[in-house]
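S.K.:
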Amino acid sequence: MQASCNVTARAQRLVQIPRGRHTITSAAGHYRNTTRTSLAAAERIEMFKSLEGWAADNVLPLLKPVEKCWQPQDFLPDPRLPAAEFAEEVRLLRERTAELSDEYFVVLVGDMVTEDALPTYETMINTFDGVRDETGASPSPWAVWNRAWTAEENRHGDLLRTFLYLSGRVDMRMVERTVQYLIGSGMDPGLENNPYLGFVYTSFQERATFISHGNTARLAKEGGDPVLARICGVIAADEKRHELAYTRIVEKLLELDPNGAVLAVADMMRRSITMPAHLMYDGRDPQLFQHYSAVAQRLGVYTAGDYADILEFLVGRWGLEKLGCGLDGEGRMAQEYVCGLAQRIRRLQERADERAKKMKKEAVEFSWIFDREVVL
């Protein structure tokens, strides 16, 4: 997608707003010689208010009607069955998971904990200027999206948690403690209430969860559990659909305010994309997230290579290399930085991988799997 040279009058006002001797260079929140101001927030609110009709036509259709959505019970033993038949379905579930490794369950629990911290993510999106739900039941398309997105995502943690409970393979009390700690800790990916930064972040994150759940589906199938493979697969499909919504929003920002939007992408990548569960803690291991991430990297569920691939995908999806008109000098530098970053990440990762090969393997106990050790 190449941004049009015919930037709208509204976007032109947003691109450069003089205020005294200071200049705000774009509505994305990148300023010369100033800090964030109420004017910048007000302009963002104005822009997103003007996009409500566009959001209703282009974002809300990516939601599925509740009647057409899968529900967790579709994939779980049926509690309506007589006790003996229900017990047999649970026995078969446990039999299917018997050959899956402890490492796999560490990653599956980490994914489930991340999904279960959904209240934090809804709260985060509701801080963005111009799209927050001002009443809790606002009819604004932005508010409708956030509530319905949350409702769709809520099924993911519910399904994975119930499956893990029935599997008998994990210590559910420690898993539940981890969820409570994580929701209580919140998250701070550095978005500053800025919807430009926020929608770049959510675009990246939805792509990352799509990849992660897709890989747990693949490993479940290889490990002999086709039902768990389907579970992870349907969750991945939801994440892909949500990714499309958020990338579509950033596309629109690139059309209206190419300079501000590309600066936001560069700003977000310079900060690095902090994973939603980076404050994960079980009451014992202060490096739990790092240890979980290391296992995910080793199993190929989510890797540094995936991080670079996502960035490369988004650069192509948003046509960042083709942006020309609408960029000032700072915007062109941001464009050059973002478009070359994936290759730099890959080179750094290759060096890190070479160093890792020479290091002694470390084993860590995970409370989630009854304190058994897993090699990182």
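Every letter in the sequence shown is one number past the one before it in the numbering used here, and letter 240, counting from 1, is 1463.
In this text, a Cβ means the ideal position worked out from N, Cα and C, and glycines have one as well.
From a predicted model like this one, the values you see are computed outputs, not experimental measurements.
Which residue comes first and which comes last in the alpha helix (DSSP H) that contains F1500?
M.R.: The residue asked about is misnamed: residue 1500 is Ala in this sequence, not Phe. Taken as a continuous stretch (DSSP letters only), A1500 belongs to no alpha helix (DSSP H), as it is neither H nor E.
S.K.: Is L1315 closer than 8 angstroms to L1383 when the C-beta atoms are compared?
M.R.: For L1383 and L1315, no; Cβs fall outside 8 angstroms.
S.K.: From the DSSP output, in three-state form, read off A1484 for me.
M.R.: A1484: helix per DSSP, three-state reduction.
S.K.: To the nearest angstrom, how far is it from the Cα of M1410 to the Cα of P1499?
M.R.: Using only the alpha carbons, I get a separation of about 7 angstroms.
S.K.: DSSP on V1598, reduced to helix/strand/coil?
M.R.: Reduced to three states, the DSSP call for V1598 is strand.
S.K.: Counting along the chain, where does the beta strand (DSSP E) carrying V1587 start and finish?
M.R.: Run containing V1587: 1586–1589, per the beta strand (DSSP E) assignment.
S.K.: Following the continuous alpha helix (DSSP H) through A1431, name the residue where it begins and the one where it ends.
M.R.: Start and end: 1418–1445.
S.K.: On the three-pair Cβ rule with 8 angstroms, is the segment 1428–1443 touching the segment 1541–1553?
M.R.: Too few Cβ pairs lie closer than 8 angstroms, so no.
S.K.: Relative to the C-alpha of V1329, which residue among I1458, L1522, S1361, A1279 is closest?
M.R.: Selected option, being the one with the closest Cα: L1522.
S.K.: Using beta-carbon positions only, say whether I1458 and F1298 come within less than 8 angstroms of one another.
M.R.: No, the Cβ-Cβ distance between I1458 and F1298 is not below 8 angstroms.
S.K.: Do you know offhand how far F1422's Cα is from M1492's?
M.R.: Going from the Cα of F1422 to the Cα of M1492 covers about 13 angstroms.
S.K.: Mind listing, in chain order, the continuous alpha helix (DSSP H) runs of no fewer than 4 residues lying wholly within the segment 1258–1289?
M.R.: Correct list: 1261–1273, 1275–1281.
S.K.: Assign N1256 to one of two classes, buried (16 or more other C-beta atoms within 10 Å of its C-beta) or exposed (fewer than that).
M.R.: Any reading at N1256 must be qualified, since the residue scores a pLDDT of 31, below 50, and its modelled position is unreliable; the value itself is stated next. When all chains shown are included, N1256 counts as exposed.
S.K.: Assign A1575 to buried or exposed, taking buried as 16 or more other Cβ atoms, counted over all protein chains shown, within 10 Å of its Cβ.
M.R.: Exposed, since its Cβ has fewer than 16 Cβ neighbours within 10 Å.
S.K.: Taking only the alpha-carbon atoms, compute the straight-line gap between G1465 and W1372 and give it to the nearest angstrom.
M.R.: Sequence inspection shows His at residue 1465; the Gly mentioned does not correspond to that position. The alpha-carbon atoms of H1465 and W1372 are separated by roughly 8 angstroms.
S.K.: Which same chain residues, not among the five before or five after W1277, have their C-beta less than 7 angstroms away from its C-beta?
M.R.: Closer than 7 angstroms at Cβ, skipping near neighbours: K1475.
S.K.: Within the continuous alpha helix (DSSP H) that includes M1582, where are the two ends?
M.R.: Segment: none, M1582 is in no alpha helix (DSSP H) and carries neither H nor E.
S.K.: In chain order, what are the residue ranges of uninterrupted alpha helix (DSSP H) at least 4 long that sit wholly in the segment 1356–1395?
M.R.: You should have 1364–1390.
S.K.: Closer than 7 angstroms: is that where the CB of G1333 sits relative to any heavy atom of the ligand NAD?
M.R.: With respect to the ligand NAD, the structure shown offers nothing to examine, as it has no ligands at all.
S.K.: Taking I1592 as part of the alpha helix (DSSP H), name the residues at either end of that continuous run.
M.R.: That residue, I1592, is in no alpha helix (DSSP H); it is neither H nor E in DSSP.
S.K.: Pop quiz: L1467 and L1323 are said to be a contact at Cβ under 8 angstroms. What is the actual Cβ separation, rounded to whole angstroms?
M.R.: Not really, about 31 angstroms apart at Cβ, beyond 8 angstroms.
S.K.: Write down the C-beta distance between N1369 and N1349 rounded to the nearest angstrom, noting that I regard them as a contact closer than 8 angstroms.
M.R.: Their Cβ separation, rounded to whole angstroms, is 6 angstroms, which keeps N1369 and N1349 in contact under 8 angstroms.
S.K.: In three-state terms, what does DSSP make of Y1525?
M.R.: Here Y1525 sits in coil by DSSP.
S.K.: Check for me: the alpha helix (DSSP H) holding P1342 runs from which residue to which?
M.R.: Where P1342 is concerned, the enclosing alpha helix (DSSP H) stretches over 1341–1348.
S.K.: Around the C-beta of G1549, are 16 or more other C-beta atoms found within 10 angstroms, so that it is buried, or is it exposed?
M.R.: Counting Cβ neighbours within 10 Å, G1549 comes out buried, since at least 16 surround it.
S.K.: Answer yes if the segment 1531–1542 comes into contact with the segment 1558–1567, meaning at least three C-beta pairs across the two stretches below 8 angstroms, and no otherwise.
M.R.: Short answer: they touch.
S.K.: Can you name, in chain order, every residue of its own chain whose Cβ lies under 7 angstroms from the Cβ of A1440, other than the five neighbours on each side?
M.R.: Result list for A1440: A1452, C1455, G1456, A1459, in chain order.
S.K.: So the candidates are W1365, R1400, V1402, G1554; which of them puts its Cα closest to the Cα of P1418?
M.R.: That would be W1365, whose Cα lies nearest to the Cα of P1418.
S.K.: If you draw a straight line from the alpha carbon of F1309 to that of R1471, how long is it in whole angstroms?
M.R.: Their Cα atoms are separated by approximately 44 angstroms.
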